[in-house]
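**Student:** Protein chains in written order, with the numbering used here: chain A, 7 to 42; chain B, 83 to 702.
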Amino acid sequence: MMDIIFLVVTALFFSLAILYVRGCERLGKGAKGSKS
Amino acid sequence: MNIGNILLLVICALLGGYLLYALLKAEEFKMTANGWAQIGFFLVVILVITKPVGVFMARVFSGEKTVLDAVLRPIERIIYRLTGIDEKHEMRWTEYATAMLLFSGVSMVLLYMIERVQKWLPLNPQKFANIDPGLAFGTAASFTTNTNWQAYSGESAMSYLTQMAGLAYHNFASAAVGIAVAIAVIRGIARKETDKLGNFWVDTTRSLLWVLLPACLIGSLFLVSQGVIQNLKPYTTAELIEPQTVQVTGADGKTTTQTVTQQVIAQGPVASQEVIKELGTNGGGFFGANSAHPFENPTPLANFFQMVLIFAIPAGLTYTLGRMTKSPRHGWAIWAAMAFLFLAGVTTAYWAEARGNPLLSPADQRATSTQSGGNMEGKETRFGIANSALFATVTTDASCGAINSQHDSFTPLGGMVPLINIMLGEVVFGGVGAGLYGIIVFVILAVFIAGLMVGRTPEYLGKKIESYDVKMAMLAVLILTVTILGFAAIAVVQPFATAGISNPGPHGLSQILYAYVSSAGNNGSAFGGLSVNTMWYNTSTAAAQLLGRFFMIIPVLAIAGNLAKKKTVPASAGTFPVTGGLFAGLLVSTIVIVGALTFFPALSLGPILEHLLMQAGKIF
Numbered sequence: 007m008m009d010i011i012f013l014v015v016t017a018l019f020f021s022l023a024i025l026y027v028r029g030c031e032r033l034g035k036g037a038k039g040s041k042s
Numbered sequence: 083m084n085i086g087n088i089l090l091l092v093i094c095a096l097l098g099g100y101l102l103y104a105l106l107k108a109e110e111f112k113m114t115a116n117g118w119a120q121i122g123f124f125l126v127v128i129l130v131i132t133k134p135v136g137v138f139m140a141r142v143f144s145g146e147k148t149v150l151d152a153v154l155r156p157i158e159r160i161i162y163r164l165t166g167i168d169e170k171h172e173m174r175w176t177e178y179a180t181a182m183l184l185f186s187g188v189s190m191v192l193l194y195m196i197e198r199v200q201k202w203l204p205l206n207p208q209k210f211a212n213i214d215p216g217l218a219f220g221t222a223a224s225f226t227t228n229t230n231w232q233a234y235s236g237e238s239a240m241s242y243l244t245q246m247a248g249l250a251y252h253n254f255a256s257a258a259v260g261i262a263v264a265i266a267v268i269r270g271i272a273r274k275e276t277d278k279l280g281n282f283w284v285d286t287t288r289s290l291l292w293v294l295l296p297a298c299l300i301g302s303l304f305l306v307s308q309g310v311i312q313n314l315k316p317y318t319t320a321e322l323i324e325p326q327t328v329q330v331t332g333a334d335g336k337t338t339t340q341t342v343t344q345q346v347i348a349q350g351p352v353a354s355q356e357v358i359k360e361l362g363t364n365g366g367g368f369f370g371a372n373s374a375h376p377f378e379n380p381t382p383l384a385n386f387f388q389m390v391l392i393f394a395i396p397a398g399l400t401y402t403l404g405r406m407t408k409s410p411r412h413g414w415a416i417w418a419a420m421a422f423l424f425l426a427g428v429t430t431a432y433w434a435e436a437r438g439n440p441l442l443s444p445a446d447q448r449a450t451s452t453q454s455g456g457n458m459e460g461k462e463t464r465f466g467i468a469n470s471a472l473f474a475t476v477t478t479d480a481s482c483g484a485i486n487s488q489h490d491s492f493t494p495l496g497g498m499v500p501l502i503n504i505m506l507g508e509v510v511f512g513g514v515g516a517g518l519y520g521i522i523v524f525v526i527l528a529v530f531i532a533g534l535m536v537g538r539t540p541e542y543l544g545k546k547i548e549s550y551d552v553k554m555a556m557l558a559v560l561i562l563t564v565t566i567l568g569f570a571a572i573a574v575v576q577p578f579a580t581a582g583i584s585n586p587g588p589h590g591l592s593q594i595l596y597a598y599v600s601s602a603g604n605n606g607s608a609f610g611g612l613s614v615n616t617m618w619y620n621t622s623t624a625a626a627q628l629l630g631r632f633f634m635i636i637p638v639l640a641i642a643g644n645l646a647k648k649k650t651v652p653a654s655a656g657t658f659p660v661t662g663g664l665f666a667g668l669l670v671s672t673i674v675i676v677g678a679l680t681f682f683p684a685l686s687l688g689p690i691l692e693h694l695l696m697q698a699g700k701i702f
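#1: If contact means a Cβ-Cβ distance below 8 Å, which residues of the stretch 539-560 of chain B contact chain A?
#2: Flag B/SER25 as yes if its beta-carbon sits less than 9 Å from any beta-carbon of chain A, otherwise no.
#3: Are the beta-carbon atoms of B/GLY603 and B/ILE504 separated by less than 9 Å?
#4: According to the Cβ coordinates, are B/ALA666 and B/PHE422 closer than 9 Å?
#5: How would you call B/SER238, buried or exposed, if buried means at least 16 neighbouring beta carbons within 10 angstroms?
#6: Mind checking the stretch 186-211 of chain B against chain A and listing, in chain order, the residues whose C-beta falls within less than 8 Å of any C-beta there?
#7: Once the 5 residues before and after B/ILE347 are set aside, which same chain residues still bring their CB inside 8 Å of it?
#8: Expressed to the nearest angstrom, what Euclidean distance is found between the alpha-carbon atoms of B/TRP202 and B/PHE377?
#9: Reducing DSSP to helix, strand and coil, say where A/GLY39 ends up.
#10: What did DSSP end up calling B/PHE578 once you bin it into helix, strand or coil?
#11: Distance check for B/MET173 and B/SER642, CA to CA, integer angstroms please.
#12: With 7 Å as the limit, tell me which residues of the stretch 610-641 of chain B have their beta carbon closer than that to any beta carbon of chain A; keep them in chain order.
#13: Rounded to the nearest angstrom, what separates B/PRO689 and A/ASP9 at their Cα positions?
#14: Is the beta carbon of B/ILE561 less than 9 Å from the beta carbon of B/MET634?
#15: Could you check the C-alpha separation between B/GLU146 and B/ALA140 for me, to the nearest Å?
#16: Under 6 Å Cβ to Cβ from B/LEU685, same chain only, skipping five residues before and after it: list those, please.
#17: Beta-carbon of B/PRO215 versus every beta-carbon of chain A: anything under 9 Å?
#18: For the putative contact between B/GLY260 and B/VAL514, defined by C-beta atoms under 8 Å, what is the C-beta separation to the nearest angstrom?
#19: Figure out for me which residue from B/ILE268, B/GLU360, B/VAL651, B/GLN200 has the closest Cα to the Cα of B/GLN245.
#20: Against A/VAL4, what residues of chain B qualify as contacts under a CB-to-CB distance less than 9 Å, listed in chain order?
#21: Less than 9 Å separating the beta-carbons of B/ALA528 and B/CYS94?
#22: With a CB to CB cut of under 7 Å and the five nearest residues on each side skipped, what residues in its chain are close to B/PRO63?
#23: Among the residues of its own chain, which have a CB less than 7 Å from the CB of B/ILE526, if the five just before and after it don't count?
#24: Against A/LEU64, what residues of chain B qualify as contacts under a CB-to-CB distance less than 8 Å, listed in chain order?
#25: Determine which residues of the stretch 447-468 of chain B have a Cβ less than 7 Å from any Cβ of chain A, and write them out in chain order.
#26: Over the uninterrupted beta strand (DSSP E) stretch that includes B/VAL614, give me the two end residues.
#27: Select from B/GLY248, B/GLY663, B/PRO683 the residue whose C-alpha is nearest the C-alpha of B/LEU96.
#28: What are the boundary residues of the beta strand (DSSP E) that includes B/ALA320?
#29: Going by beta-carbon coordinates alone, are B/GLY216 and B/TRP231 separated by less than 9 Å?
#30: According to DSSP, simplified to helix, strand and coil, what is B/SER241?
#31: Three or more C-beta pairs under 8 Å: does that hold for the stretch 351-362 of chain B against the stretch 273-290 of chain B?
#32: Where does B/GLU508 sit, in a helix, a strand or coil, going by DSSP?
#33: For B/ALA571, which of B/ALA152, B/LYS170, B/VAL599, B/ALA532 has the nearest alpha-carbon?
#34: Is the Cβ-Cβ distance between B/PHE225 and B/GLY366 less than 9 Å?
#35: Could you tell me which chain A residues have their CB closer than 9 Å to the CB of B/PHE682, listed as they occur along the chain?
#36: Determine, using beta carbons only, whether B/ASN253 comes closer than 9 Å to chain A.
The following block contains the structure:
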């Protein structure tokens, strides 16, 4: 049981990290003058 | 000669003069000229190897020819063919980050599974049981993030297969990931008008094949020559010449007397793991005693070699940055800032430990031919005060975490040095790759502050630094702050966490604070004295390690991706130069001020208060 919990937690963390990548990217797209 | 060059010369002269003064006046502060000579020699060796290591790595990652190509290039091609990697494919920062996350996530799961089934796998002569889920999860997170925080003793928990295929594999893989990210960041600074940072798989493969594996092959042979063991034998049982009588307290709390007639001497493939432990700034020891164990660190020369290994790649990367951005003097300016902070740290630690404990002042604590002098609690006599203070400084300047002495046993101010080193972001040479991309964050902040002071848009090597870059830099800084202080705040008020403290008062606070500073900073050294093999510490330190590693790398890669897109603008009279002493000074100030503003309150309640109370006659 604990094994499943830890594996799910690991998967959730890395999924969250990939969402964080997307979030940082979106913040960049909205940034004024980021291509100057 | 401009003012920046003059200032750089002045700083160099001050550093040299300081070392000479310390050498001549060492005795007055209970330090020794011998100790200072070793510290000075260490810094000179790092200075000498910086350029060759940096040039080699620049050549490897720029696709230039190297002496190893004839052997390694065919192997590299086979790896790409087998794994379906297109080495010509260049990645945007988001793809680079996603590949890095997937690689790390899969590697972490593999390590977790090896730990959980090691009992049924080969190379387990001691018949160790499977690792408990909480400890397996904490260890998997720890080694994946290059932290190597260990809530176990390797010789009494991990099979040889787990040590080699699980832990040592991660020592290589996590270090290679760090180098790859640093190289991607350098490309982001060096390139213009592109959104491509390179290929994560290629950078990681080349880190492993060209940099880490050859150096480890030679380094492990050298360590074996010094007496580090390398075998797959079962542990040796030796009969004691003089049986020992010991008091043992059982689980029921009853104390019984036992006579010990045998000693079990642990064996194992230590040298191969030891060298990457330092070169990859991982720090996880084969044995629980880490580099204080004579099988890991048998001689003063092995000790010196290990310290050089810790700084070798991080120092070299400063030159790689300078070479790949065509501004070698920028690389040297960063090196100078790092060297200044290193000397400040080692001086404080050496002075604090050499002066000993003032409460024992009637006793002679000076170093003589018959005693090491100073505060020798938790230190190896064969290394003494100077090499213990130096090792503690080096291992926490970098995100290594190997130890040859117990930081918990240092004086309050001496123990504060490792703590501060990690709090500053481990950017004093720093971890493999992590030190460089960490200091780039502070460089962004430093040029931003300089721009604010003169009222111009800040520039960094011809690239304008704008709001997105500064936002991402602040995200990278804040994630460490929030993680460290957040988890530490919970732990100091919860009985299940404070139950692990072995010393009350401010020292107990330092133990908890150090645990989360070390975890989020991906250092992995333990202050000691805190019982951490509990579900709370295993899971909370794992969370701190994962957040401190990946949630810092992502905004740093975002900065690199954004910088790569920009045009370069020619330097003008208003451009703040990032090549001289003025820049190095501003960089040091930025690092110290950010660290002080963030952590001074916690430090004042921990080691600073403990120091003041010690002066008043109270110890913990």
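All C-beta atoms in this analysis are idealised placements derived from N, C-alpha and C, irrespective of residue type, glycine included.
**Tutor:** Let's see:
#1: When C-beta distances to chain A are compared with 8 Å, the residues of the stretch 539-560 of chain B below that value are LYS546, GLU548, SER549, TYR550, LYS553, MET554, LEU557, in chain order.
#2: Chain B is shown only over 83 to 702; residue 25 of chain B falls outside these bounds and no answer can be derived.
#3: Yes, the Cβ-Cβ distance between B/GLY603 and B/ILE504 is below 9 Å.
#4: The beta carbons of B/ALA666 and B/PHE422 sit closer together than 9 Å.
#5: It counts as exposed.
#6: The residues in question are SER186, GLY187, MET190, VAL191, TYR194, ARG198.
#7: So the qualifying residues of the chain are TYR317, THR318, THR319, ALA320.
#8: C-alpha separation (whole angstroms): 27 Å.
#9: Note that A/GLY39 has pLDDT 48, beneath the 50 cutoff, so the model's placement of it is unreliable and the number below is only indicative. Assigned with DSSP and collapsed to three states, A/GLY39 falls in coil, not helix or strand.
#10: Here B/PHE578 sits in helix by DSSP.
#11: A quick correction: the sequence has Ala, not Ser, at residue 642 of chain B. Looking at the two C-alpha atoms, the distance is approximately 12 Å.
#12: Listed by position along the chain: LEU628, PHE632, PHE633, ILE636, PRO637, ALA640.
#13: Using only the alpha carbons, I get a separation of about 39 Å.
#14: B/ILE561 places its beta carbon less than 9 Å from that of B/MET634.
#15: Going by the C-alpha atoms only, they are around 8 Å apart.
#16: Contacts found: none.
#17: With 9 Å as the cut-off, B/PRO215 counts as an interface residue toward chain A.
#18: Their Cβ separation, rounded to whole angstroms, is 5 Å, which keeps B/GLY260 and B/VAL514 in contact under 8 Å.
#19: Of the candidates B/ILE268, B/GLU360, B/VAL651, B/GLN200, the residue whose Cα lies closest to the Cα of B/GLN245 is B/GLN200.
#20: Within the shown structure, residues of chain A are numbered from 7 to 42, placing residue 4 of chain A beyond reach of any answer.
#21: No, Cβ-Cβ distance for B/ALA528 and B/CYS94 is not below 9 Å.
#22: In this structure chain B extends from 83 to 702, so residue 63 of chain B is not present and cannot be described.
#23: Scanning its chain for C-beta atoms nearer than 7 Å, with the 5 sequence neighbours on each side dropped, one finds around B/ILE526 the residues TYR542, ILE547, ASP551, VAL552, ALA555, ILE641, in chain order.
#24: This structure does not reach residue 64 of chain A, given that chain A is present from 7 up to 42, and the question cannot be answered.
#25: Legend: CB atoms of the stretch 447-468 of chain B lying less than 7 Å from CB atoms of chain A are not found in any residue.
#26: It is not in any beta strand (DSSP E) - B/VAL614 carries neither H nor E in the DSSP assignment.
#27: Relative to B/LEU96, the option among B/GLY248, B/GLY663, B/PRO683 whose CA is nearest is B/GLY663.
#28: Boundaries of the beta strand (DSSP E) harbouring B/ALA320: 318-331, taken from the DSSP string.
#29: B/TRP231 is positioned such that its CB atom lies no closer than 9 Å to that of B/GLY216.
#30: When DSSP states are grouped into helix, strand and coil, B/SER241 belongs to the coil group.
#31: Verdict: no, contact absent.
#32: In the structure shown, B/GLU508 sits in coil (DSSP, three-state: anything other than H, G, I, E or B).
#33: Across the set B/ALA152, B/LYS170, B/VAL599, B/ALA532, the C-alpha of B/VAL599 shows the shortest separation from the C-alpha of B/ALA571.
#34: The answer is yes: Cβ separation under 9 Å.
#35: In chain order: nothing, as chain A lies at least about 29 Å away.
#36: Cβ-Cβ to chain A under 9 Å: no for B/ASN253.
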